[in-house]
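This report refers to the structure that appears directly beneath it.
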Amino acid sequence: MRNTVSDIWKLYKSGEKIACVTAYDSTSALLADRAGVDLLLVGDSLGMTVLGHETTVPVSLEDCLRHSAAVVRGSEKALVVADMPFMSYHGSSHEALKNASRFMQESLASSVKIEGGEEVAELVKLMVQGGVPVMGHIGLLPQAVLVKGGYKVRGRSKEDEEQLLKDALALQEAGAFAIVMECVKDDAAQRIVSALDIPIIGIGSGLACDGQVQVMHDVLGLDPRFTPRHARKYLNLAEQIEGAFGQYKDDVKSSSFPSNENWY
1 MRNTVSDIWK LYKSGEKIAC VTAYDSTSAL LADRAGVDLL LVGDSLGMTV LGHETTVPVS
61 LEDCLRHSAA VVRGSEKALV VADMPFMSYH GSSHEALKNA SRFMQESLAS SVKIEGGEEV
121 AELVKLMVQG GVPVMGHIGL LPQAVLVKGG YKVRGRSKED EEQLLKDALA LQEAGAFAIV
181 MECVKDDAAQ RIVSALDIPI IGIGSGLACD GQVQVMHDVL GLDPRFTPRH ARKYLNLAEQ
241 IEGAFGQYKD DVKSSSFPSN ENWY
């Protein structure tokens, strides 16, 4: 039986931390699901981790729909949340609702996630009223990186902290079942978590958050080039995979692969 929004709420109310990780295909979803991860986020971070872009901006609606469907097919228990990508909810409310409904009907995701605070609260309310569970996202907003001039920590000033709190409260009032809070200073994050009555899932925002979300590639050490400060590398798969490919190449060139048991 797959987790629902109610199951995530029960974890929150019991005081149990919520474990969330990104997944982009059926195999990663299967393995994270077997490990007991509560929530799988099909992040538009697939733009960098899977598609080779520098930001999330080039990721299309079709990209997110395709990868969300794969994650749903690969998992059984975890709640699947699909990122709505750049400009898929910034036009008319009619278009945004239509795009959100595609995630529910075509990819069979359990929820969608959108970035923003007060400015998207009315849209969140419309989506929830229409039957689409919504996860909010405040703090560092990857889809706005071109406007903001880079990836910057939020909550450094009192004014910014106040705005983040207003954003979080607006999303809660609109009916969001949870909020991702990305790269917000620890003291500001603590204040926001204390003020809200819905789960706050942190990434780079301290231990006070009600759960944590991390990018799968960071957790597994799949990218040899960079590990962000907010991540902990639990494996170094990049080194192991590169070694395996190198051994395969050497075996092919030396004719030690295939051997008798590898052909028909």
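The sequence shown finishes on residue 264 if you use this note's numbering, and the numbering steps up by one all the way, no holes.
Idealized CB from N, CA, C, for every residue including glycine.
Keep in mind it's a predicted model, so treat the numbers as computed, not measured.
Counted as a single uninterrupted DSSP element, the alpha helix (DSSP H) harbouring Met127 occupies residues Ala121 to Gln129.
When Lys125, Phe86 and Pro133 are compared, the shortest CA-CA separation from Glu115 is found for Phe86.
Under the rule that a run must span 3 or more residues, the beta strand (DSSP E) segments found entirely inside the segment 204 to 262 read 211 to 214. For the pair of segments examined, the segment 124 to 138 was found to touch the segment 180 to 194: the number of CB pairs separated by less than 8 angstroms reaches three.
Taken through DSSP and simplified to helix, strand or coil, Arg154 comes out as strand. Secondary structure at His94: helix, using DSSP grouped into helix, strand and coil.
Excluding the 5 residues flanking it on each side, Met104 has same chain C-beta neighbours closer than 7 angstroms at Val132, in chain order. His67 sits in a helix when the DSSP states are folded into three classes. Listed in chain order, the alpha helix (DSSP H) elements of length 4 or more contained wholly in the segment 16 to 93 are 26 to 34, 46 to 49 and 61 to 74.
For Ser14, the uninterrupted alpha helix (DSSP H) run begins and ends at Val5 to Ser14, by DSSP.
Excluding sequence positions up to five before and after Ala19, its CB lies within less than 8 angstroms of the CB of Gly36, Val37, Asp38, Leu39, Gly211 and Gln212, all in the same chain and listed in chain order.
Between the alpha carbons of Ala82 and Gly117 lies a distance of about 18 angstroms. In the structure shown, Val134 adopts extended strand secondary structure according to DSSP, grouped into three states.
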